[in-house]
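Asks:
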Amino acid sequence: MFRSLSVRDYRIWFGGAFVSNIGAWMQATTQNWVVLTELTDTNAAAVGITMALQFGPQLLLTPFSGAVADRFDRRRVLLVTQSLLMLLAAALGILLLSGGAQILHLYAFALALGVVNAFDTTSRQTFVSDLVGPDQLSNAVALNSASFNSARLIGPAVAGVLIAVVGSGWVFLINAGSFVAVLGALLLIRTRRQPPPVAERRESQLRQLSAGFRYVRERHDLVVIFLMVFVIGAFSMNFPVISSTMAVEFRRGAGDYGLLSSILAIGSLAGALLAARRPSARMRVVILAVGGVGVVSLVAAVMPSFWTFAATLVFFGFAISTMLTTANGFVQTTTDPAVRGRVLALYMAILMGGTPIGAPLVGAAADALGPRSTLVISAVAGFAAFGIGLAWLFGERRLRFHRVRGSGWRVTHAGRPGLDDDPDAQVETLTAPLSVLRREEAASVGSGESVPLDGSTGAISLDELREGHGGKPADPAAPGGRDGNRE
4 MFRSLSVRDY RIWFGGAFVS NIGAWMQATT QNWVVLTELT DTNAAAVGIT MALQFGPQLL
64 LTPFSGAVAD RFDRRRVLLV TQSLLMLLAA ALGILLLSGG AQILHLYAFA LALGVVNAFD
124 TTSRQTFVSD LVGPDQLSNA VALNSASFNS ARLIGPAVAG VLIAVVGSGW VFLINAGSFV
184 AVLGALLLIR TRRQPPPVAE RRESQLRQLS AGFRYVRERH DLVVIFLMVF VIGAFSMNFP
244 VISSTMAVEF RRGAGDYGLL SSILAIGSLA GALLAARRPS ARMRVVILAV GGVGVVSLVA
304 AVMPSFWTFA ATLVFFGFAI STMLTTANGF VQTTTDPAVR GRVLALYMAI LMGGTPIGAP
364 LVGAAADALG PRSTLVISAV AGFAAFGIGL AWLFGERRLR FHRVRGSGWR VTHAGRPGLD
424 DDPDAQVETL TAPLSVLRRE EAASVGSGES VPLDGSTGAI SLDELREGHG GKPADPAAPG
484 GRDGNRE
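Convert by adding 3 to the 1-based position in the sequence shown; the result is the number in the numbering used here.
This is the structure we're talking about:
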């Protein structure tokens, strides 16, 4: 589960980022509480506008953030972005302590935060691939999510206490101080990324962006991931709106509002750690997770008390975290390293870019129909995303249910030979398409793995599939053997 922590530079980065993540969660919790209760009269739409301003730049700046992550030293980019985030937190903290803060100041802060985070998020996500080997990348991505959600256990609860004891301004100043940890970690890291080829650096911004779009367009599995993530990101991942309005619905204060975020983080951490244990990121896990978001949201919408509602948030966090961690791992481990930054920038733009659309609508629904309507919207979004995933499985992957005499029902799909499937009709052998798996060097794929884990993963030919599926038994340990294609 923690195998990538054996790498020195990743271990340093993990520790520094964890401290900074605690401060970031303290700030996020405080920011939305200030908007809802200090600068407005419980105006949920204002919280939605704040979120839209904060996450909108992720969508608009995709052409630049992805190119920056691919062309420049990500460590230096992070030194710049993290320093800017520290200064923004300190500035707003001083403004709140002076008593001169107004709602427009919070809107401006959220917009500036979004612009900087557009570059920081893409470089931070792809920076992991600079620190660990390809065979540890999926695990490192999952541990990053675990660190993020572990901080979520601590940050919101601490923020709730600090808001009541010392005031919201001090929370922003404390977060500014937490950036010292991540900046120190970046200075201690020895890994230096090799610059891209000169010819690639000379390509125009438009050509580089087009290459990322073309790559995604030709990968239908990535398109499906992006669609599911967009729907969930727009209409289910509006937790600041959901939790703050539900806390007011149950007549609770800032402390209990922070507690809701920490309870959500329990499930989120469990989901991230389970993802770290898996040998690879699989599409089917993403599809099941978005279905879980729909079910849990519907259950949470009818909970009669604060504590029963809080209990459902554990499962809500588990489903969301499983979806995000697995989708992120799938995108990173199955994408060509040459375009990884641009593809991940598109992924983050889709994930965060849905917020400017969904958050104001969800906030307006909370004001007009009540806080529970936000959870009904989340449930509809979860079921819609689940339907998108199932349609892909039944259409492109040709998912089929077979009745086998004496052994009940079994499931097959394109890429999993057996049960009278025609090997000639198999268009995929693993979760990722064959075009992703083809490399000049031939190497085996471990049993049970559904995505390539390094740049030397070999293609699995149809001849090998026929040999493993015909009269001559194939070696289960060999590439293309029955166990080698097992999901």
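Just so you know, even glycine gets a beta-carbon here, dropped at the ideal spot from N, CA and C.
Once you ignore the five residues that flank Thr315 on each side, which residues in its own chain have a CB closer than 7 Å to its CB?
Replies: For the purposes of this step, residue 315 is taken as residue 312 along the sequence shown, with counting starting at 1. Around Thr315: Val299, Val302, Ala303, Met306.
Asks: Give me the Cα-Cα distance between Thr432 and His223, rounded to the nearest whole angstrom.
Replies: Taking the sequence shown and counting its residues from 1, the one referred to as residue 432 is at position 429. Taking the sequence shown and counting its residues from 1, the one referred to as residue 223 is at position 220. Confidence in Thr432 is poor, its pLDDT being 37 and thus under 50, which makes the residue's placement unreliable; the coordinate value appears in the next sentence. Their Cα atoms are separated by approximately 15 Å.
Asks: Is Pro363 closer than 8 Å to Ala93 when the C-beta atoms are compared?
Replies: Working through the sequence shown from its first residue, we reach residue 93 at position 90. Working through the sequence shown from its first residue, we reach residue 363 at position 360. For Ala93 and Pro363, no; Cβs fall outside 8 Å.
Asks: Which runs of the alpha helix (DSSP H) spanning at least 4 residues fall entirely within the stretch 114-189, listed in chain order?
Replies: Counting only runs of 4 or more, we get 140-168.
Asks: Taking Gly59 as the reference, which of Leu354, Leu109, Ala387 has the closest Cα?
Replies: Indexing the sequence shown from 1 puts residue 59 at position 56. That would be Leu354, whose Cα lies nearest to the Cα of Gly59.
Asks: For the alpha helix (DSSP H) that contains Pro359, what are its first and last residues?
Replies: Taking the first residue of the sequence shown as 1, we reach residue 359 at position 356. Its alpha helix (DSSP H) spans residues 358-372.
Asks: My parser needs the alpha helix (DSSP H) runs of 4 or more residues fully inside the stretch 281-307; what are they?
Replies: The stretch 281-307 contains these whole alpha helix (DSSP H) runs: 286-304.
Asks: If we call anything under 8 Å between Cβ atoms a contact, is Ile245 one with Leu156?
Replies: Translated into positions along the sequence shown, residue 245 becomes position 242. Translated into positions along the sequence shown, residue 156 becomes position 153. No, the pair does not count as a contact, with Cβ atoms beyond the cut-off.
Asks: What are the boundary residues of the alpha helix (DSSP H) that includes Gly59?
Replies: The residue given as residue 59 occupies position 56 in the sequence shown. From DSSP, the alpha helix (DSSP H) with Gly59 extends over 47-63.
Asks: Which same chain residues, not among the five before or five after Val185, have their C-beta less than 6 Å away from its C-beta?
Replies: Position 182 of the sequence shown, counted from the start, is the residue given in the question as residue 185. Excluding residues within five positions, the ones whose Cβ falls inside 6 Å are Gly19, Ala20, Ser23, Gln85.
Asks: Would you give the residue range spanned by the alpha helix (DSSP H) that Ala243 belongs to?
Replies: Locating residue 243 in the sequence shown gives position 240, counting from the first residue. One detail in the question is off: residue 243 reads as Pro in this sequence, not Ala. Residues 242-252.
Asks: Where does Val169 land, buried or exposed, given buried means 16+ other C-beta within 10 angstroms?
Replies: Stepping through the sequence shown from its first residue, residue 169 is reached at position 166. It is exposed - the Cβ of Val169 has fewer than 16 other Cβ atoms within 10 Å.
Asks: Would you kindly report the start and end of the unbroken alpha helix (DSSP H) that includes Ile228?
Replies: Here residue 228 corresponds to residue number 225 of the sequence shown, with the count starting at 1. Unbroken alpha helix (DSSP H) run through Ile228: 223-238.
Asks: Let me make sure I understand the geometry here. Which of Leu8, Phe122, Thr358, Gln30 has the alpha-carbon closest to that of Trp173?
Replies: Against the sequence shown, residue 173 aligns to sequence position 170. Among Leu8, Phe122, Thr358, Gln30, the Cα nearest to that of Trp173 is on Gln30.
Asks: Rounded to the nearest angstrom, what separates Gly163 and Ile266 at their Cα positions?
Replies: Walking along the sequence shown from the start, residue 163 turns up at place 160. Walking along the sequence shown from the start, residue 266 turns up at place 263. Taking the straight line from one Cα to the other gives about 13 Å.
Asks: Where do the N-terminal and C-terminal ends of the alpha helix (DSSP H) with Ser101 fall, by residue?
Replies: Locating residue 101 in the sequence shown gives position 98, where the first residue counts as 1. Counting along the chain, the alpha helix (DSSP H) containing Ser101 begins and ends at 77-101.
Asks: If you draw a straight line from the C-alpha of Gly51 to the C-alpha of Gln34, how long is it?
Replies: As a first step, residue 51 must be located in the sequence shown, where it is residue number 48. As a first step, residue 34 must be located in the sequence shown, where it is residue number 31. Those two C-alpha atoms are separated by around 12 Å.
Asks: How about Ser271 and Ala384: do their beta carbons lie closer than 8 Å?
Replies: Locating residue 271 in the sequence shown gives position 268, counting from the first residue. Locating residue 384 in the sequence shown gives position 381, counting from the first residue. No, the Cβ-Cβ distance between Ser271 and Ala384 is not below 8 Å.
Asks: Please report the distance separating the alpha-carbon of Arg79 from that of Phe216.
Replies: Here residue 79 refers to the residue found at position 76 of the sequence shown. Here residue 216 refers to the residue found at position 213 of the sequence shown. Distance between the alpha carbons of Arg79 and Phe216: 26 Å.
Asks: Thinking just about the alpha-carbon of each residue, which of Ala275, Val232, Met54, Phe312 is nearest to the one in Leu262?
Replies: Taking the first residue of the sequence shown as 1, we reach residue 262 at position 259. Nearest option by C-alpha distance: Phe312.
Asks: Going by beta carbon distance, what residues of the same chain come within less than 7 Å of Asp12, once the five residues before and after it are set aside?
Replies: Indexing the sequence shown from 1 puts residue 12 at position 9. Contacts found: Leu134, Ile192, Arg193, Thr194.
Asks: Quick one, which of Ala179, Phe17, Tyr110 has its alpha-carbon nearest Ala143's?
Replies: As a first step, residue 143 must be located in the sequence shown, where it is residue number 140. Ranking Ala179, Phe17, Tyr110 by Cα distance to Ala143 puts Phe17 first.
Asks: To the nearest whole angstrom, what separates the beta carbons of Asp73 and Arg345, a pair I think is in contact under 8 Å?
Replies: Locating residue 73 in the sequence shown gives position 70, where the first residue counts as 1. Locating residue 345 in the sequence shown gives position 342, where the first residue counts as 1. Asp73 to Arg345, Cβ: 6 Å. Contact.
Asks: Within the continuous alpha helix (DSSP H) that includes Arg14, where are the two ends?
Replies: Locating residue 14 in the sequence shown gives position 11, counting from the first residue. From DSSP, the alpha helix (DSSP H) with Arg14 extends over 11-36.
Asks: Could you please give the first and the last residue of the uninterrupted alpha helix (DSSP H) stretch that includes Asp5?
Replies: The sequence position of residue 5 within the sequence shown is 2, counting from 1. The sequence as given places Phe at residue 5; Asp does not occur at that position. Premise fails: Phe5 is in no alpha helix (DSSP H) and is neither H nor E.
Asks: Measuring alpha carbon to alpha carbon, tell me which of Val342, Ile25, Gly320 ends up nearest Phe151.
Replies: For this step, residue 151 is matched to residue 148 along the sequence shown. Comparing Cα positions, the closest option is Ile25.
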